[in-house]
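One structure is given here, and the rest of the page talks about it.
Chains as they are written, first to last, in the numbering used here: chain A, 8 to 300; chain B, 42 to 734.
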């Protein structure tokens with residue numbers, strides 16, 4: 008009895024104490040940007056909007072990250088500069104490939120939202136947009152972390168996955184050309200070695216020349232000439248990040264690294280028409296892939 | 042010529058930069074590991090070490106830091122509205138596409154010959170170096186009722202409004218595809234697309250390809266050499282092509298038609314940001330061509346000189362995914378000198394053209410293209426224009442709307458207004474409906490009206506009396522008028538690899554301008570609107586790909602023409618003129634071959650061998666100014682290709698043997714040589730080798 012009373016007392020004190028902490032001093036969160044770039048700024052302002060309404064959170068002015076209890080690192084450079092920090096870090100706007108590296112190196116508690124869409128979701132889009140597909144082509148530079156899941160999903164969907172490795176930049180043209188000759192669809196796997204501002208134009212021109220639709224990574228790809236893409240807006244990722252921050256304020260625990268939960272689909276109908284493809288609208292495809300959460 | 046040399050200087054500077062850029066690539070760890078160290082033997086060890094390093098290790102950390110950039114990449118609109126082609130079953134007119142694979146399989150050396158692969162098209166050669174291409178009759182050796190565009194630039198030039206096919210600085214291996222619009226298309230391709238449009242699209246410099254060298258050697262003095270170099274960077278893609286082409290023409294016993302042509306062309310695509318694109322094209326060609334007919338004192342064996350150059354700048358700004366603004370300026374210049382004869386002749390012609398075009402998608406189902414253009418044409422020749430012809434400033438306004446009604450119907454409606462600067466303005470409308478019965482099965486109904494303005498020589502030609510055939514154009518000719526109606530069907534059967542494209546048409550060409558001999562003491566040739574023609578027929582293209590190694594393309598056209606008077610010769614009272622006129626009208630049905638077509642088979646073997654064979658046939662045809670009717674023609678060409686290495690990659694290539702007219706079938710050509718028979722294309726063979734590096 009005595010011991011039980013003591014435990015009860017402790018629990019009561021603790022809960023009061025914890026409650027008081029929350030009430031008296033909200034969770035101090037620092038937002039760290041990789042650089043003053045439009046996408047990061049858009050994300051930052053969306054996150055601020057979401058967090059402002061929450062009493063339990065206080066956003067520290069910039070430059071005071073050392074006093075923070077949680078750092079939201081926006082972009083890979085920010086993730087890198089806080090990877091050694093003892094303060095828990097939530098990494099956002101970083102690719103999965105980038106995050107897995109920090110995850111290995113980092114000693115502190117950390118979590119993150121990948122920039123990438125889960126491969127399952129991208130394959131759902133592929134099946135919904137181009138049901139006739141038999142073979143899917145991918146270009147890789149070194150072993151891409153996404154390649155394994157692409158392989159697995161291809162065989163599950165009954166697709167032949169055509170893989171071409173580009174080990175030097177001057178191989179890009181011939182690898183791409185050979186790949187497209189055998190592919191019904193060209194799937195962009197996130198790879199900063201291959202998809203760069205000085206190559207993307209050449210890649211798109213070649214896919215169009217060979218009349219192979221491209222499934223891109225973002226809205227920008229679709230605008231440039233990819234057939235479609237599933238992507239999450241900075242707003243959607245900010246909402247998800249805000250939920251994680253709130254949860255951390257309550258529990259002081261970070262969840263596992265995760266994919267974006269909410270997403271959109273973009274379709275370039277002009278390109279679809281020109282390729283002679285009949286394709287569902289972006290809205291229909293979005294619904295086909297999964298209900299809105 | 043100053044522009045030309047300064048462009049060469051820029052070019053050579055860029056070529057210098059080329060190696061620098063290559064080195065830069067290596068430095069950032071993505072090249073073959075340290076080319077820059079090659080000149081220093083003491084660094085051999087270092088080189089070996091570098092080569093053994095895992096490929097991207099040197100820059101791995103930096104790359105990882107930027108790994109999300111793949112998602113945020115600022116991208117230009119690459120597939121812009123004007124770059125996207127309309128699918129064939131939504132095109133407002135009948136269209137034939139000759140792609141790079143067909144060009145390769147055909148074994149043809151010359152651009153003009155490719156049009157044997159278009160149903161209803163006639164390809165003629167006055168001799169070994171002066172080809173002409175026409176569609177549906179009414180032609181002479183200055184075929185001038187089709188618009189010909191190379192990357193949007195018209196090569197249909199004054200003073201004859203004809204196309205000097207053999208002078209166009211385009212390499213066949215550089216052509217991405219040729220779209221041939223069969224039927225008038227003024228609403229979308231502008232003036233003078235009276236009977237059709239040939240739209241040659243070269244491969245964009247932004248399409249990465251290894252540099253390549255091609256050599257051809259063979260019978261009849263065939264000796265060709267061409268090379269292409271590409272240079273790509275993040276804001277600029279460039280391609281330089283150079284070529285030399287020579288052969289001895291047809292038949293030495295009849296004609297002197299040796300010819301040598303040198304060509305140089307450069308295309309640069311500058312894209313400084315995500316929305317602007319500047320396409321710059323410069324080209325030059327010069328040719329030495331033999332002229333002369335055996336036994337004709339007025340045409341001794343001699344060499345003539347001709348040259349052609351062009352400059353083109355196209356600025357495209359993407360306004361949206363489907364909208365763009367495009368400004369195009371082009372200039373072409375042609376020079377011709379035939380001086381080693383008793384009546385020397387030379388001419389110079391300039392064309393400037395400026396066009397502004399706007400494409401907008403103001404509703405998901407409605408796309409509007411409209412624009413304005415102005416063109417200046419100037420022909421100078423002391424022999425052809427004793428009284429100088431004026432510079433013609435022609436204006437045009439056009440609009441074309443594509444409207445979708447549900448999933449099944451596409452309506453194309455458009456019109457062009459033009460002022461030909463010779464006192465005439467015309468409106469050329471077009472209306473068509475493409476109706477998808479079911480997906481992949483489409484019916485097309487179309488009607489259009491188009492005009493052809495008189496060529497400078499037809500309105501202003503004046504040679505004085507010294508010429509062999511004195512010309513004194515009396516002026517006042519009206520534009521020719523074309524009314525076309527058609528019903529087409531396109532079916533795709535992907536399960537069995539079959540595509541069918543067929544149409545029936547009834548075209549009416551009126552006020553056709555023809556030679557009108559006038560008598561002012563002596564007989565001069567003038568030009569006058571004199572007759573009208575009804576063309577009826579059907580055309581089919583069948584493509585059958587029964588497996589991935591075989592492709593069969595079959596084209597067939599059946600044509601009928603009948604003429605009636607539409608104006609009379611000025612001196613009809615003269616018995617010879619009257620006889621000539623009635624012969625023109627009665628001989629009219631022979632100006633088209635009743636049956637003509639082609640069959641192209643392309644067969645690939647897994648071993649890297651490729652066999653292709655072309656069969657071409659054409660019934661008897663009488664070109665208007667030819668001395669004789671061409672007897673029925675059929676001929677077989679074959680090409681055997683052995684690829685080595687990986688064909689389209691660095692270090693790869695192919696060697697081919699081409700045999701034209703394999704079975705020595707009778708293939709007579711167009712001829713304007715009296716009493717001397719007609720040139721015959723005998724069997725000829727040549728070897729072709731391409732190496733990519």
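Glycine residues also receive a C-beta, built at the ideal position from the N, C-alpha and C atoms.
| Using a beta-carbon distance cut-off of less than 8 Å, what residues from the segment 161–185 of chain A approach chain B? | 174, 175, 176, 177, 179, 180, 181, 183, 184 and 185
| message | Am I right that residue 400(B) and residue 364(B) are in contact with their C-beta atoms under 8 Å? What's the rounded C-beta distance? | response | 6 Å
| For the candidate residues 145(A), 246(A), 119(A) and 190(A), whose alpha-carbon lies nearest to that of residue 50(A)? | 246(A)
| task | Could you name the residues of the same chain whose beta carbon sits closer than 7 Å to that of residue 428(B), not counting the 5 residues immediately before and after it, in chain order? | result | 503
| Closest to residue 236(B) by CA distance: which of 524(B), 655(B) and 630(B) is it? | 524(B)
| said: Is the separation between the beta-carbon of residue 79(A) and that of residue 248(A) shorter than 9 Å? | reply: yes
| query | Closest Cβ-Cβ distance between residue 313(B) and chain A: below 9 Å? | reply | no
| Cβ atoms of residue 165(B) and residue 172(B): under 9 Å apart, would you say? | At a Cβ-Cβ threshold of 9 Å, residue 172(B) and residue 165(B) count as neighbours.
| query | For residue 115(A), does the count of other Cβ atoms within 10 angstroms reach 16, so buried, or fall short, so exposed? | reply | Result: exposed.
| For the segment 195–212 of chain A, which residues have a beta carbon sitting closer than 7 Å to at least one beta carbon of chain B? | 197, 198, 199, 200, 202, 204, 205, 207, 208, 209, 211 and 212
| task | Evaluate residue 170(B) with the Cβ neighbour count: other Cβ atoms within 10 Å of its Cβ, from every protein chain shown; 16 or more gives buried, anything less gives exposed. | result | Residue 170(B) is buried by the Cβ-count criterion.
| message | Buried or exposed for residue 596(B), going by 16 or more other Cβ atoms inside 10 Å? | response | buried
| residue 252(A), DSSP secondary structure in three states | DSSP, read as helix, strand or coil, puts residue 252(A) in helix.
| query | Span of the beta strand (DSSP E) holding residue 618(B)? | reply | First-last for residue 618(B): 616–627, but that is the alpha helix (DSSP H), not the beta strand (DSSP E).
| task | Give a yes or no on whether 9 Å exceeds the smallest Cβ distance from residue 225(A) to chain B. | result | Taking Cβ atoms only, chain B reaches closer than 9 Å to residue 225(A), which makes this a yes.
| So which of 157(A), 178(A) and 139(A) has the shortest CA-CA distance to residue 128(A)? | When C-alpha distances from residue 128(A) are compared across 157(A), 178(A) and 139(A), the shortest belongs to 157(A).
| task | Report the partner residues of residue 271(A) according to the DSSP bridge assignment. | result | Note: residue 271(A) sits in a beta bridge opposite 238(A).
| request: Could you list the residues in the segment 673–698 of chain B with a C-beta less than 9 Å from some C-beta on chain A, going in chain order? | output: 687, 689, 690, 691 and 693
| Just the Cα atoms here: how many angstroms apart are residue 69(B) and residue 297(A)? | For residue 69(B), the pLDDT reaches just 34, beneath the cut-off of 50, and the residue's location in the model is therefore unreliable, although a value from the coordinates is still provided. Looking at the two C-alpha atoms, the distance is approximately 42 Å.
| field | Nearest residue (CA-CA) to residue 688(B), options 730(B), 126(B), 707(B) and 354(B) | value | 730(B)
| message | Using C-beta distances below 7 Å, list every residue in its chain close to residue 168(A), excluding the 5 sequence neighbours before and after it, in chain order. | response | Answer for residue 168(A): 143, 145, 157, 158 and 161, listed in chain order.
| query | Who are residue 177(B)'s beta bridge partners in DSSP? | reply | Note: residue 177(B) sits in no beta bridge, so no partner.
| said: In whole angstroms, give me the CA-to-CA distance for residue 269(B) and residue 281(B). | reply: 6 Å
| query | Which residues in the same chain have their Cβ closer than 7 Å to the Cβ of residue 412(B), if we skip the five residues on either side of it in sequence? | reply | Answer for residue 412(B): 396, 397, 398, 399 and 439, listed in chain order.
| message | Excluding the 5 residues flanking residue 154(B) on each side, which residues of the same chain have their C-beta closer than 8 Å to its C-beta? | response | 147, 164 and 172
| field | Rounded C-alpha distance that separates residue 696(B) from residue 260(B) | value | 17 Å
| request: For the alpha helix (DSSP H) containing residue 185(A), list its first residue and its last residue. | output: Going by DSSP, residue 185(A) is part of the alpha helix (DSSP H) stretching over 179–188.
| field | chain A residues whose Cβ lies nearer than 8 Å to that of residue 115(B) | value | 204 and 227
| Under 9 Å between C-beta atoms of residue 741(B) and residue 671(B) | In the structure displayed, chain B extends from 42 to 734; residue 741(B) sits before or after that span and is not available.
| Got a sec? Which residues, its chain only, sit under 8 Å from residue 211(A) by beta carbon, not counting five neighbours each side? | 221, 231, 232 and 233
| field | chain A contact for residue 273(B) (CB, 9 Å cutoff) | value | So yes, residue 273(B) belongs to the interface.
| message | Comparing C-alpha positions only, which one of 496(B), 468(B), 304(B) and 344(B) sits nearest to residue 202(B)? | response | 496(B)
| message | Please classify residue 265(A) as buried or exposed, where buried requires at least 16 other C-beta atoms within 10 Å of its C-beta. | response | exposed
| request: For residue 96(B), I'd like the list of residues in its chain whose CB is within less than 6 Å of its CB, leaving aside the five on either flank, ordered along the chain. | output: Reliability of the predicted coordinates at residue 96(B) is poor, the pLDDT of 33 falling under 50, and the value obtained from them is presented with this limitation in mind. For residue 96(B), where only same-chain residues beyond five positions count, there are no Cβ hits under 6 Å.
| Rounded to a whole number of angstroms, what is the C-alpha to C-alpha distance between residue 652(B) and residue 591(B)? | 10 Å
| request: Using the Cα positions of residue 483(B) and residue 130(B), report the straight-line distance between them to the nearest angstrom. | output: 6 Å
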